[in-house]
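Only one structure is covered here, and it is reproduced in the block below.
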Amino acid sequence: MSLFPHEKRHVFDVLIVGAGPAGLGCAVALGQCGVENLLVVDRHGTGASFLRWPRQMRMISPSFHSNPFGQPDLNAITPHTSVADFLRTEHPTGEQYAAYLQALAEHYRIPVREGVEVRRVFRKGRLLHLETSDETLRAHFVIWAAGEFFFPNAASVEGAEHCLHNSQIADWPELPGVEHAVIGGFESGIDAAIHLARAGKSVHVFSRGEPWHRDSTDPSRALSPHTRDRLKDVFLHAPGTIRFHKHADVAAVERHGDTCRLLLREGEPFEISTPPILCTGFSGGLGPVAEHFAGPDVTPVFSEEADESLRTEGLFYSGPLLRHRQSIFCFIYKFRGRFGVIAREICQRLGLPWEEPLKPWRERGFLVEDLACCTDCTCAVESAAEPDPAPAEDYRAAAKEEALA
Ligand SMILES: Cc1cc2nc3c(=O)[nH]c(=O)nc-3n(C[C@H](O)[C@H](O)[C@H](O)COP(=O)(O)OP(=O)(O)OC[C@H]3O[C@@H](n4cnc5c(N)ncnc54)[C@H](O)[C@@H]3O)c2cc1C
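Adding 71 to a residue's 1-based position in the sequence shown gives its number in the working numbering.
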């Protein structure tokens, strides 16, 4: 039921763009507060990004059914669901996680309209208008939750057209060739290298620094324990090999006949006969709404109160591009902390009671207001990891030693 029954043409109370974890999580929170006149639109469908992950890829953040003890499963998007309980696995594949999202949308009866691409959002009078592939939709509030998966970052390497971005790979073992160059040494680069080495291939990982040795309490800044474990396992048991090229900043890729040449900012060029794999992340995920969140530099800005645009009232953002002070919200367990904050703000403006319905959201870390939590907490204890890591070339030996100890 609309909270504005006098509207002549249909106006949604809330429109959400994107049926991924960010959009669906906000939709459930709003639904719990009684927002009924709500629609989620998606260019593809529920969990579309996850359905496009390479077959072998799994979530690096672990799922565990810890909910009864007040600590929700890290990958859950509502306080009362558990990915581990639903899927019976700790590190779901993209396909499995999409199944969780689809089941959740069904359970909470979230209306999702598929095949609708939003091309522009603008305010006209009291309402926000969404220009879509079919029609113009109107709403009092809009939550942009379109993720970043469909915006691969190729800009950092000249000649990126000669490469493949890791989001384009459906199946690592099926990739033609026996030797591969991976550009990028963080989670997705190491993930690619692991799957290729497991398939018996020789992999060269090129990275600006040595991210595989970076030590940080924040999983957004250092390799996850899961990936470190997998690396060790690959070094010991995989039929293929991984060679790290540290401080190897790839400036450009040139194609000469059947060969690709990687030009480094410093050092000798590297030649390979297969297309280099770009694991350089994603960019420009705010696409059609970027101007609404534009700040003084390239970094988007969001209101600290509720992740709203500072330029366009009523337009909110939910998802992995969120940044506040030094905190990066790129994991689901991080950005879900703001679902309750956004829902509360919208409900307050709609005049709906939110305190009781959002109580479990607050109690279980889905309504987080402390924006300094990642930067000044005392939990940042010194890591027990090796303080002076071995150089990259010795990593294999170090892994072996550690595994045998
Ligand atoms: C390789 C890899 C591994 C990852 N592993 C983890 C992990 O282990 N743990 C973790 O927490 N996170 C992980 N992430 C990050 C996680 O996948 C993202 O943070 C999450 O998908 C973001 O959720 P979202 O809802 O914002 O976006 P998405 O899941 O991408 O959903 C956005 C939706 O919006 C739709 N859409 C986009 N543009 C439009 C438009 N213009 N109009 C209409 N619809 C549109 C898309 O079709 C899509 O369905 C990983 C990401 C990658 C790439």
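Ideal Cβ positions, reconstructed from N, Cα and C, are used throughout, including at glycine.
Check whether the Cβ atoms of residue i and residue j lie closer than 8 Å to each other.
i, j, result
"THR117", "LEU158", "no"
"GLU250", "ILE343", "yes"
"HIS275", "ARG314", "yes"
"CYS482", "GLY422", "Because the chain spans 72 through 476 in this model, residue 482 falls outside it and cannot be assessed."
"PRO347", "ILE265", "no"
"ALA100", "VAL111", "no"
"VAL187", "ASP262", "no"
"PRO431", "HIS151", "yes"
"SER278", "LYS303", "no"
"ARG332", "THR370", "no"
"ARG184", "SER204", "no"
"SER295", "GLU258", "yes"
"GLU225", "HIS236", "Before going further, note that residue 225 is Ala rather than Glu in the sequence given. For ALA225 and HIS236, yes; Cβs fall inside 8 Å."
"VAL88", "VAL106", "no"
"GLU416", "GLU376", "yes"
"SER389", "LEU442", "no"
"PHE220", "ARG299", "no"
With DSSP collapsed to three states, give me the class of residue i.
i, result
"ALA263", "helix"
"ARG126", "coil"
"ASP479", "Outside the shown range of the chain (72 to 476) lies residue 479, about which nothing can therefore be said."
"CYS450", "Low per-residue confidence applies at CYS450: pLDDT is 39, beneath 50, and the placement is therefore not dependable, though the value from the model is reported in the following sentence. It is coil, neither helix nor strand."
"ILE87", "strand"
"ARG409", "helix"
"TYR388", "strand"
"ALA455", "At ALA455 the pLDDT is 43, less than 50, meaning the model places this residue with poor confidence and gives no usable figure here."
"HIS151", "coil"
"LEU172", "helix"
"ALA210", "strand"
"SER398", "strand"
"ASP156", "helix"
"PRO223", "strand"
"SER120", "helix"
"GLU339", "coil"
"TRP432", "helix"
"ILE403", "helix"
"PHE373", "coil"
"ARG415", "helix"
"ARG326", "strand"
"TRP283", "helix"
"VAL82", "coil"
"LEU246", "coil"
"HIS178", "helix"
"ARG191", "strand"
"SER380", "coil"
Here's a check: name, in chain order, each residue in its chain whose Cβ is nearer than 6 Å to the Cβ of residue i, leaving out the five neighbours to either side.
i, result
"ALA147", "SER153, VAL154"
"THR345", "GLY248, HIS251"
"HIS297", "ILE131"
"SER134", "ASP144, ASN146, VAL154, ALA155, GLU161"
"THR149", "VAL99"
"PHE121", "GLY165, TYR168, ALA169"
"ARG326", "HIS233"
"CYS418", "CYS104, TRP425"
"ARG387", "One point to set straight first is that residue 387 is Phe, not Arg, in the sequence displayed. Excluding sequence neighbours, PHE387 sits near ILE214, ASP378, GLU379, ILE413."
"PHE341", "LEU333"
Whose C-beta lies closer than 8 Å to the C-beta of residue i among residues of the same chain, with five residues either side of it excluded?
i, result
"LEU198", "VAL82, ARG209, ALA210, HIS211"
"THR330", "GLU342, ILE343, SER344"
"ASP242", "PRO125, ARG126, GLN127"
Here's a check: name, in chain order, each residue in its chain whose Cβ is nearer than 7 Å to the Cβ of residue i, leaving out the five neighbours to either side.
i, result
"SER273", "VAL249, GLU250, GLY311, THR312"
"THR207", "HIS200, LEU201"
"PRO460", "Note on PRO460: pLDDT 38, under 50, position unreliable in the model; the coordinate value appears next. The residues are HIS284."
"PRO244", "ALA270"
Going by the C-beta, is residue i closer than 7 Å to any heavy atom of ligand 3?
i, result
"TYR388", "Ligands present in the displayed structure are limited to ligand 1, and ligand 3 is not among them."
Taking 8 Å as the threshold, find out whether the segment 194-213 comes into contact with the segment 308-321 through three or more Cβ pairs.
-> no
Touch test, the segment 126-141 against the segment 250-269, Cβ-Cβ under 8 Å, three pairs minimum | yes
So does the segment 377-384 actually touch the segment 358-367, counting three or more Cβ pairs closer than 8 Å?
-> yes
For the segment 88-95 against the segment 215-227, are there 3 or more C-beta pairs whose distance is under 8 Å?
-> yes
Contact the segment 393-413 vs the segment 425-438: 3+ CB pairs below 8 Å | yes
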